[in-house]
């Protein structure tokens, strides 16, 4: 089955700096890659997603890039703010299946 | 408001005492799923359901049961809970077009 690896497990950045979280996937049939943000005491929330026919997608300060050849995708957060502090999960979905396979998560801390 | 509702939010129980965690969604989603979240292990799928009366095992189904008698409800049943089932549990649903909508979580402690 699909396997998703996520790095780093923890990341600390100064407010205003950029943060990058990287994920790799194993199944070349994966075609949908969402990113989730989980704040303390809450369930994960979808923040951005990308499909395999697109190389990059941006939404304000958040962007996701996908390299299908290398089977990796990344989340980029620019101009980080304290409210960006949370756990971030990447995920991948194979073909027409509805199941998502998740990475192990990244604890992002934005230092004021 | 479109949402997935789990109950209870917190539960402390003793080994072997049967319990049920309820999950309900109001978005008419066909697909529902249960995950457990443990430190360093991310989100691991327990069971999922493609539609009413259709359920299947995920990656870590041992010790759990589910049922899907109605489209909106997908309860998670622990017939004989053990301490290794102490975890944070999430229910999620989707149409399949985009990612999941998650509930707020149930923190279960088995002593």
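Chains as they are written, first to last, in my numbering: chain A, 35 to 146; chain B, 570 to 680. Backbone N, C-alpha and C define an ideal beta-carbon position, used for all residues, glycine too.
Using CA coordinates, which residue listed in the options is at the minimum distance from residue i?
i: residue 142 of chain A; options: A/104, A/61, A/41; result: A/41
i: residue 647 of chain B; options: B/641, B/658, B/638; result: B/658
i: residue 576 of chain B; options: B/584, B/589, B/607, B/610; result: B/589
i: residue 625 of chain B; options: B/678, B/600, B/581; result: B/600
i: residue 95 of chain A; options: A/82, A/63, A/112; result: A/112
i: residue 680 of chain B; options: B/585, B/673, B/637, B/636; result: B/585
i: residue 629 of chain B; options: B/616, B/620, B/638; result: B/616
i: residue 594 of chain B; options: B/668, B/677, B/663; result: B/663
i: residue 598 of chain B; options: B/640, B/579, B/623; result: B/640
i: residue 580 of chain B; options: B/665, B/635, B/655; result: B/655
i: residue 103 of chain A; options: A/89, A/37, A/137; result: A/89
i: residue 138 of chain A; options: B/596, B/606, B/587; result: B/606
i: residue 93 of chain A; options: A/100, A/101, A/85, A/81; result: A/81
i: residue 596 of chain B; options: B/670, B/674, B/675; result: B/670
Are the CB atoms of residue i and residue j nearer to each other than 9 Å?
i: residue 627 of chain B; j: residue 651 of chain B; result: no
i: residue 127 of chain A; j: residue 66 of chain A; result: yes
i: residue 77 of chain A; j: residue 665 of chain B; result: no
Since residue i sits in a beta bridge, which residues does DSSP pair it with?
i: residue 92 of chain A; result: A/97
i: residue 612 of chain B; result: B/606
i: residue 620 of chain B; result: B/623
i: residue 659 of chain B; result: B/604
Any beta carbon of chain C sitting closer than 9 Å to that of residue i?
i: residue 596 of chain B; result: Looking at the structure shown, chain C is missing, and the protein chains on hand are A and B.
Would residue i count as contacting chain B if we go by Cβ distances under 9 Å?
i: residue 97 of chain A; result: no
i: residue 64 of chain A; result: no
i: residue 142 of chain A; result: no
i: residue 115 of chain A; result: no
i: residue 104 of chain A; result: no
i: residue 75 of chain A; result: yes
Counting only C-beta atoms, is residue i closer than 9 Å to chain A at any point?
i: residue 629 of chain B; result: no
i: residue 641 of chain B; result: no
i: residue 573 of chain B; result: yes
i: residue 624 of chain B; result: no
i: residue 580 of chain B; result: no
i: residue 645 of chain B; result: no
i: residue 588 of chain B; result: no
i: residue 528 of chain B; result: In this structure chain B extends from 570 to 680, so residue 528 of chain B is not present and cannot be described.
i: residue 614 of chain B; result: yes
i: residue 610 of chain B; result: yes
i: residue 617 of chain B; result: yes
- Are the segment 602-620 of chain B and the segment 124-133 of chain A touching by the rule of at least three beta carbon pairs closer than 8 Å? yes
- Message: Does the segment 103-110 of chain A come into contact with the segment 43-51 of chain A, if we say contact requires no fewer than three beta-carbon pairs (one atom in each stretch) closer than 8 Å?
- Response: no
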